[in-house]
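Novice:
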């Protein structure tokens, strides 16, 4: 399984953009990069995923480096509800998610 | 759709007792899995199933049994509870087709908080 490196914690102000980085230098060529987040006292929820191209959905954008060794999750306007632990997970065809410790995002009002 | 449901929400056991954590989904998902989350840690995979009648071990399977007799249900059995099994347990499910598509999003239940004394 590919190893990932994420900052332990980050802080943002409400209404400002947030860029959450992830290094996955050992990722396999066929692994998709998935992001999940876990709000306090809840189960994880899917945020976004991609393979090579940048991706957008209603929750966030995902920017993937050309060499695929890193990616950045972008929350365009952070809200208090976005305070959570964010996990970057390379996912292969075995569908097994391997969670690291993730990044704890604090959003200040 | 109710999504992924787990029961009970909370449970306290004594060392050596056995119990079953229930997980059900109504989305006709083929893939189901169980994770445990210890304080300050990420989730670790216990067991998973790619369809009815098929199960396999994850990262931390010792002390747990699973079976998958229907598509909807995936119970997790603790055979003889130990304090080291004190944790929050999450069940998840997803479609298992078209790898890489948005259909592979995994849906997680609300969790069962288990304490073993």
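Protein chains in written order, with our numbering: chain F, 7 to 115; chain Y, -15 to 101. Beta carbons are placed, not taken as given, at the ideal position from N, Cα and C, and that holds for glycine.
With a threshold of 8 Å between beta carbons, is residue 92 of chain F in contact with chain Y?
Specialist: It does not; no Cβ of chain Y falls within 8 Å.
Novice: Report all residues from its chain with a CB closer than 6 Å to the CB of residue 26 of chain F; omit the five preceding and five following residues, and keep chain order.
Specialist: Only 79, 92 and 109 meet the Cβ criterion.
Novice: Can you name, in chain order, every residue of its own chain whose Cβ lies under 8 Å from the Cβ of residue 99 of chain F, other than the five neighbours on each side?
Specialist: So the qualifying residues of the chain are 36.
Novice: Please report the residue range of the beta strand (DSSP E) in which residue 74 of chain Y lies.
Specialist: Note, residue 74 of chain Y: beta strand (DSSP E), 71 to 78.
Novice: Does the segment 9 to 19 of chain Y come close enough to the segment 59 to 68 of chain F to have 3 or more Cβ pairs within less than 8 Å?
Specialist: Counting Cβ pairs under 8 Å, fewer than three are found: no touch.
Novice: Under 9 Å between beta-carbons, which chain Y residues line up against residue 103 of chain F? List them in chain order, please.
Specialist: Under the 9 Å cutoff, chain Y gives 17, 19, 27, 29, 76 and 90.
Novice: Quick one: which chain Y residues come within Cβ less than 7 Å of residue 49 of chain F?
Specialist: Correct list: 74, 92, 93, 94 and 95.
Novice: What would DSSP say about residue 83 of chain F, mapped onto helix, strand or coil?
Specialist: Residue state, collapsed to three classes: coil.
Novice: Looking at the C-beta of residue 35 of chain Y, does it have a partner C-beta in chain F at a distance below 8 Å?
Specialist: Residue 35 of chain Y does not count as touching chain F.
Novice: If I'm right that residue 18 of chain F touches residue 111 of chain F with Cβ under 8 Å, what's the distance once you round it to whole angstroms?
Specialist: Contact holds; Cβ gap of about 7 Å.
Novice: Nearest by alpha-carbon distance to residue -7 of chain Y: which of F:52, F:47, F:69 and F:89 is it?
Specialist: Here the closest residue by C-alpha is F:47.
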